[in-house]
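Working notes, structure below.
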Amino acid sequence: MPLTDYRTLGRSGLVVSPLALGTMTFGQGGYGADEATSRAIFDAYRDAGGNFVDSADIYSGGESETLVGRFIADSGSRDDVVLATKFAFNGSSSPVAAVAQNGGGNPNAGGAGAKNIHRAIDASLKRLGTDYIDLYWMHIWDGVTPPEEIVQTLGDLVRAGKIRYYGLSDMPAWLAMKAATIAAERRVPGPIAMQVEYSLVARDVENEHFPAAREAGMGVMPWSPLAGGFLSGKYDRANTADTGRLSGANPFGNSKFVDRNWDILDALKAVAAEVERPPAQVAIAWTLARPGVASTLTGASKVSQLESNLAALEIRLSDDHMKRLDEASAPALGFSAGLTQPAIRRMIFGGRDVAGWNEQRR
0 MPLTDYRTLG RSGLVVSPLA LGTMTFGQGG YGADEATSRA IFDAYRDAGG NFVDSADIYS
60 GGESETLVGR FIADSGSRDD VVLATKFAFN GSSSPVAAVA QNGGGNPNAG GAGAKNIHRA
120 IDASLKRLGT DYIDLYWMHI WDGVTPPEEI VQTLGDLVRA GKIRYYGLSD MPAWLAMKAA
180 TIAAERRVPG PIAMQVEYSL VARDVENEHF PAAREAGMGV MPWSPLAGGF LSGKYDRANT
240 ADTGRLSGAN PFGNSKFVDR NWDILDALKA VAAEVERPPA QVAIAWTLAR PGVASTLTGA
300 SKVSQLESNL AALEIRLSDD HMKRLDEASA PALGFSAGLT QPAIRRMIFG GRDVAGWNEQ
360 RR
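Residue numbers (numbering that gives the first Met the number 0): 0 to 361.
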C-alpha cells in the first residue's frame, strides 16, 4: 500500500493518504526538530506521495504551524496538501505552566466556545500563511461547552470559507455522536472524523468511539500508534529507569510500563521476528489494518524515523498474525460493548448467529 492509496476521510469527499504526517516535532519545543530537519521530513513525506499534514496551534508554541505554512508555500503545494490543525488548548500561556502556577492565563483563550474558536482560527491562519484550513480539529473537549455551540461555531467557519471540514479529537463518544446528530437534524456541516489514541496497548476506544464513528460516518484517525514509542521495542521490561516520559504519568493515562503492555510487546516482537520487520512497523501495520481506521497519524524527529514508519505500508499481516496480536491486546469489553457479544445475541435470536448490516463476518 503506497501513500497514494488514497481514501476519503469519513463520509466526505476529502481525499487523504493512509498515513498522515504529524508535526508536533516541528520546531524547537521539547520533542522538536530544527527547521532544516523539519523541512527534510516534510519533503520526504511529500516526495513519497503523502498529502495529509496535521499540526496544532500549541505545537512548539505555534512554531509548528509557522514552519508547515512556510514549507507548503515554498513548495507551491497548497492545493495538493490536505492541511489540518487544531484548537482548544489555551493560547494565552503554556497549558502545563498555567496549571503549575495555579492560574494566570485567560480562560477565554482556550476551550471549545465560540469566542476562543474565532480567536484560534484567525491566529492559526496567520501563522500558516493561508486563508483556509482543510480540516479543523477540536483538539480536546473542554468538558463544559455544549455540542450545540461547537457545531454552530464550526459550521459558521465552514460557511465563511475559513475551513472546509472539521473533526473532533479526544472527546467522549457520546459528544461526537450528539454533535453528528445535531448537524444532521439541522442540516448543517457536521464532523467528518475523530482523532483518538489507538494502538495495540490502547484499544478501549473500540468499545464506544469506533461504533459511534461508524454510525455517524466519521473516519477514525489514530494518534500515537506506537504508544509514545513503547511499541518500538526499544524498552526493556527489566530496566525502565531513566526512560523519559513513558515511565511516569501523563495527561491521558498512567505509565505504559505495566505487565499487560509488556505481554503485548512480547507478542508484537514475536510476530515482528516472523515477518522480519521491526516491531514499530508491525505495530503501525496492525493499526492500518483495523476496521474503521481511515488514516493513521505518525510523526518523526528525523527523516530515518519517517522512512521506517512509511515502510509499514508495505506490510500485509496474515490472518494468523492479526489474530495473535488481536488476542494478545484484547481490551476489556465494558458494560455496553458486552451487550452485543455473540453469546448474548444467541440468547436473543434463538441460538442463531445474526450479523448487523454494518458488521463484518469473519
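Positions of the beta carbon are idealized from the N, C-alpha and C atoms, including for glycine.
Closest residue to residue i among the options (Cα-Cα distance)
{"i": "GLY228", "options": "LYS322, ALA327, ALA272 and THR297", "result": "THR297"}
{"i": "ASP130", "options": "LEU66, TRP136, ASN107 and ARG163", "result": "ARG163"}
{"i": "TYR5", "options": "SER307, ALA310, THR295 and GLU184", "result": "THR295"}
{"i": "SER300", "options": "VAL15, PRO1 and MET23", "result": "MET23"}
{"i": "PRO221", "options": "GLY21, GLY12, ASP235 and ASP56", "result": "GLY21"}
{"i": "SER363", "options": "ALA354, LEU134, ASN260 and PRO290", "result": "This structure does not reach residue 363, given that the chain is present from 0 up to 361, and the question cannot be answered."}
{"i": "PRO323", "options": "ASP352, ASP235 and LEU199", "result": "The sequence as given places Arg at residue 323; Pro does not occur at that position. Comparing Cα positions, the closest option is LEU199."}
{"i": "ALA178", "options": "ASP169, GLN194, GLU147 and ALA201", "result": "GLU147"}
{"i": "GLN280", "options": "ASN105, MET193, LEU18 and ARG10", "result": "LEU18"}
{"i": "ASP235", "options": "PHE256, GLY216, GLY218 and VAL219", "result": "PHE256"}
{"i": "ASP42", "options": "PHE70, VAL15 and GLU62", "result": "PHE70"}
{"i": "GLY104", "options": "SER91, PRO341 and ILE116", "result": "SER91"}
{"i": "ILE57", "options": "GLY110, THR36 and VAL15", "result": "GLY110"}
{"i": "GLY12", "options": "PRO277, GLY218 and LYS114", "result": "GLY218"}
{"i": "ILE191", "options": "THR3, THR7 and ALA237", "result": "THR7"}
{"i": "ALA237", "options": "ASP352, VAL292, SER303 and ASP258", "result": "ASP258"}
{"i": "ASP33", "options": "ARG45, ALA55, GLU62 and GLY9", "result": "GLU62"}
{"i": "VAL187", "options": "GLY60, LEU174, ILE149 and ALA211", "result": "ILE149"}
{"i": "GLY138", "options": "MET170, SER303, LYS161 and ALA108", "result": "This sequence places His at residue 138; Gly is not what is there. The shortest C-alpha separation from HIS138 is found at MET170."}
{"i": "GLY189", "options": "GLY291, GLU207, LEU134 and MET0", "result": "LEU134"}
{"i": "ALA215", "options": "GLY128, ALA182 and TRP356", "result": "ALA182"}
{"i": "PHE88", "options": "VAL302, TRP136, ASP352 and SER307", "result": "TRP136"}
One or two residues paired with residue i in a DSSP bridge
{"i": "TYR135", "result": "THR84 and TYR165"}
{"i": "GLN194", "result": "SER168 and MET220"}
{"i": "PHE51", "result": "VAL81"}
{"i": "ASN238", "result": "ASP235"}
{"i": "ARG289", "result": "Bridge partners of ARG289: none, in fact."}
{"i": "ARG6", "result": "VAL15"}
CB contact below 8 Å: residue i versus chain D
{"i": "TYR165", "result": "The question asks about chain D, but that chain is absent: this structure has only one protein chain."}
Separation of residue j from residue i, as counted between CA atoms
{"i": "ALA336", "j": "LEU316", "result": "26 Å"}
{"i": "GLU64", "j": "SER123", "result": "7 Å"}
{"i": "LEU156", "j": "ALA172", "result": "23 Å"}
{"i": "ARG213", "j": "ALA354", "result": "15 Å"}
{"i": "LEU305", "j": "GLY350", "result": "49 Å"}
{"i": "GLU205", "j": "THR339", "result": "13 Å"}
{"i": "ALA47", "j": "ASP78", "result": "17 Å"}
{"i": "THR180", "j": "LEU153", "result": "15 Å"}
{"i": "ALA342", "j": "HIS320", "result": "25 Å"}
{"i": "VAL371", "j": "SER16", "result": "A question about residue 371 goes unanswered here, because the residues of the chain that appear run from 0 up to 361."}
{"i": "SER254", "j": "ILE263", "result": "15 Å"}
{"i": "ARG118", "j": "GLY112", "result": "10 Å"}
{"i": "GLY166", "j": "MET176", "result": "12 Å"}
{"i": "ALA35", "j": "SER74", "result": "14 Å"}
{"i": "GLU358", "j": "GLN194", "result": "22 Å"}
{"i": "HIS208", "j": "LEU332", "result": "13 Å"}
### Message
Would the stretch 79-89 count as touching the stretch 334-350 if we require 3 or more Cβ pairs under 8 Å?
### Response
no
### Query
Between the stretch 279-294 and the stretch 304-314, do at least 3 Cβ pairs fall closer than 8 Å?
yes
### Message
Within 8 Å, do at least three Cβ pairs link the stretch 264-277 to the stretch 320-333?
### Response
yes
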